[in-house]
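Undergrad: Numbering (mature numbering (1 follows the signal peptide of the UniProt record, and there is no 0)), first residue to last: -25 to -1, 1 to 118.
The beta-carbon is built from N, C-alpha and C at its ideal position, and this holds for glycine as well.
Just so you know, these numbers come straight off a predicted model, no measurement behind them.
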Amino acid sequence: MNSRLISLRAVLALAIFATCTFAVAQETTTIKPQTTPSGIEYVSGGIGDRQQDAMKVLRKDYNLRLTFARPGSGEYLADVRVTMENADNAKVLDTTSTGPLLFVKLPPGAYRITAEFEGQSQVKKATIRDGQSRGLVYRFAKK
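1. Who are the near neighbours of F43 in its chain, counting only those whose CB is closer than 6 Å to its CB and skipping five residues on each side?
2. Could you spell out the range, first to last residue, of the beta strand (DSSP E) harbouring A101?
3. Taking 6 Å as the limit between beta carbons, can you name the residues of its chain near V18, skipping five residues before and five after?
4. In angstroms with no decimal places, state the Cα-to-Cα distance between Y37 and K118.
5. Excluding five sequence neighbours on each side, which residues of the same chain lie with their C-beta closer than 8 Å to the C-beta of I22?
6. Which term fits V98, buried or exposed, when burial requires 16 or more other beta carbons within 10 angstroms of its beta carbon?
7. Compare the C-alpha of F92 against each of G106, L68, V57 and K80 and name the closest.
8. Between L81, R87, P46 and K31, which has its C-alpha nearest D63's C-alpha?
9. Just to confirm the assignment, what range does the beta strand (DSSP E) spanning A53 have?
10. Residue 189 to G20, Cα distance in whole Å?
11. What are the uninterrupted segments assigned as beta strand (DSSP E) that are 3 or more residues long and contained completely in the region 13 to 82, given in chain order?
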């Protein structure tokens, strides 16, 4: 009887552990790369510790990394609309960030990046060179 109770507890503990592990794995894998019609791959997220950790793992695969925050407090922002145009003024990305981080895999070239949040718009330019990466921070004040 005692050994049967111990076995039952071991199975129960293993089941709980497996469920927790699956939940953590599922949380980190919810950040899926997206692809624009023009073939540009991007990921967005970074809300909460698990998504932050997942984005840290993914960052090495993207050569343009955008961060959205409030000035001063550094409070992270989500739901930022982002558009990108290449040197030919062709729109290569038009999306709304689901978190404070947006990583994009761009071919080398010059880009104009517009971020819009709560009626505010900021435009930045970035040149992507082969084998290099860039990071840009957009800071939006409270209205």
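TA: Put simply:
1. L52, V55, P75 and Y113
2. Q95 to I103
3. I6, P8, L33 and F78
4. Y37 and K118: Cα-Cα distance of roughly 32 Å.
5. Y51, A53, T73, G74 and P75
6. Label assigned to V98: exposed.
7. Looking from the CA of F92, the closest CA among G106, L68, V57 and K80 belongs to V57.
8. R87
9. Note, A53: premise wrong, no beta strand (DSSP E); not H, not E.
10. Because the chain is modelled from -25 through 118, residue 189 falls outside the range shown and cannot be assessed.
11. 16 to 20, 39 to 44, 56 to 61, 66 to 71 and 76 to 80
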